[in-house]
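Going by our numbering, the sequence shown opens with residue 99, and the numbers climb by one from there. Report on one structure; see the data block that follows.
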Amino acid sequence: MNVCVVGGLGYVGLVTSAGLAELGHTVAAVDVDRDRLVRVEAGELPFHEPGLSELLARHLPAGRLRFTGHIADGLRDARIILIAVATPARPDGETDLAQVIAAAEGLAAELARPAIIAIKSTVPLGTHHVVRRVLDQHGRVEGRDYHLAAVPEFLREGHAVHDFLHPTRVVIGAADPAVRAEVRELFRGLDAPVLETSFEQALLIKYASNAFLAMRVSFANELAGLCDATGVDVFGVIEGMGYDARIGHSYLAPGIGFGGPCLEKDLRSLIRIAEGAGYEPGLLRAVLEKNEHQVRQVARRALEGLGGDLYARTVGVLGLAFKPGTSDVRNSLAVRIVDWLQRRGAAVRAHDPLANGEARQVLQGVTVCDDPYEAAQGSHLLMVLNACEEFRRLDLARLRSIVAEPRIVDGVNVLDPEAARRAGFAYHGVGRR
Ligand SMILES: NC(=O)c1ccc[n+]([C@@H]2O[C@H](COP(=O)([O-])OP(=O)(O)OC[C@H]3O[C@@H](n4cnc5c(N)ncnc54)[C@H](O)[C@@H]3O)[C@@H](O)[C@H]2O)c1
């Protein structure tokens, strides 16, 4: 099929474009980010994602995938158009639809032939009315010039290519069965259940899934707080719970909370959706509140460790991305903690195996180091804020020999408490003994 992906150089857009090419489709990825366009055309990826460069190397020369900055060019021959632009949260939690509206305006102006417009971005209920209104205002007629569908995305950064090619499910929301059937063809060849739903159900499946994951994280953090208070090690408790098939082990790791570009924003958005519909989402609010509390708790540990005063103290921070395996620092809680430390007068030295480059663009006054030992050098406190595999293998004796004072706040429970104490550190994890 001929496909156009609007927002084709974003995390979701680029992986989707490359993934659809891998499935045999012909894909035009359209993006307004000139800088990214230049970089990708020079063979450079705009972000770290395993397996992505191999897909590009295969499908760009074969002509199955191309990039363009012009929507009219991207739309040539396209039968299915995927909108994968960003939908950030405003400070009050409301979803900012400006990019979706701009994308719809571009389509309205340039649609050359009848097409299915499928929204891949995570958008609130009612967004199809907004998109329809934009198109209608430009004289486009639904059913004649275009059809609307929702195809929410569930990929995880760091595993995005794998997740695209081996999805847990494909959800296609549209009113018209013929439209759903055509969109289904896009994903033919994938071994996954395909759910055909209403437009609104598809959107809610996405929000509910992310809210549920967020709830598991907040539950694990609640349990860790309870374990801290009662002197029980949380690891054994969670391990024991997880063997119950109804519970499982995933997404039950206590830490600094959930950050990143999706979970928090989508939870806030779902809360707004519920409020707008006149429903009081008490549980969802509690999940969010616990998350805010958790990051403050971990930051407070740092303050306590240094006797209540961070001024002119050096803090070594290990981990800056919002989670392991990605270079993405958008809404990273580690970055939020670094900012908090700096505002209290601490000097921060930091390292992340993948995110140093992106972190340098958002952090000011932080010494970003090429390796974890350089970041730890001369520190009065070490904070681990990302559960990278690399940090599990740290040489604790070497670390002990280079820090100014031996204290560790392990915000993600990546180190072995006993080994850290044996090496001479005062160690604090999250719910660990
Ligand atoms: N990042 C994830 O892990 C993830 C996972 C699932 C769903 N989502 C959802 O997918 C959507 C995209 O997220 P993302 O992380 O890929 O965002 P992103 O910011 O990485 O990508 C958005 C891209 O859209 C481009 N763009 C903006 N306006 C445009 C326009 N009018 N025409 C063409 N291109 C335009 C931007 O330049 C950018 O490259 C969001 O709704 C997000 O919630 C993200």
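Beta carbons: idealized from backbone N, C-alpha and C, even for Gly.
Heavy atom of ligand 1 within 6 Å of residue i beta-carbon
i	result
D131	yes
P422	no
Q459	no
C486	no
E255	yes
G149	no
V589	Outside the displayed span of the chain (99 to 531) sits residue 589, for which this structure offers no information.
V104	yes
L143	no
T266	no
L107	yes
P359	yes
T225	no
S307	no
V128	yes
E152	no
V427	no
E251	yes
V229	no
T166	no
V110	yes
Q235	no
S219	yes
T412	no
V138	no
Q440	no
V183	yes
Q197	yes
A201	yes
Distance CB(residue i)-CB(residue j) smaller than 7 Å
i	j	result
V269	L293	yes
F252	G117	no
E208	L173	yes
S151	A182	no
N511	A432	no
D129	L107	yes
R490	D331	no
L439	V446	yes
A410	A448	no
E320	K388	yes
K304	P250	yes
F297	A375	no
R498	G403	no
L416	V427	no
N429	G358	yes
S316	V385	yes
A126	R164	yes
G167	L205	no
A200	K363	no
Cβ-Cβ separation, residue j to residue i (assumed contact under 8 Å), whole Å
i	j	result
S367	P515	That pair is no contact at about 37 Å.
A258	V103	The Cβ separation is near 14 Å, so there is no contact.
L49	V413	Given that the chain is displayed from residue 99 to residue 531, the structure contains no residue 49 and the question cannot be resolved.
R397	L382	Correcting the residue identity first, residue 397 is Ala in this sequence and not Arg. Contact flag wrong, Cβ pair sits at about 24 Å.
Coil, strand or helix - residue i by DSSP
i	result
C325	helix
Y471	helix
F252	coil
E378	coil
D508	strand
N100	strand
E402	helix
H123	coil
Y409	coil
Y525	strand
Y244	strand
T461	Before going on, a small fix: residue 461 reads as Leu here, not Thr. Coil at L461, not helix or strand.
R491	coil
G414	strand
H157	helix
V239	coil
R447	strand
V466	strand
G172	helix
V198	helix
H347	coil
V427	coil
One or two residues paired with residue i in a DSSP bridge
i	result
T295	G271
F165	A127
V229	Answer is none; V229 lacks a bridge partner.
T193	A187
I178	V101, I214
M481	V415, V507
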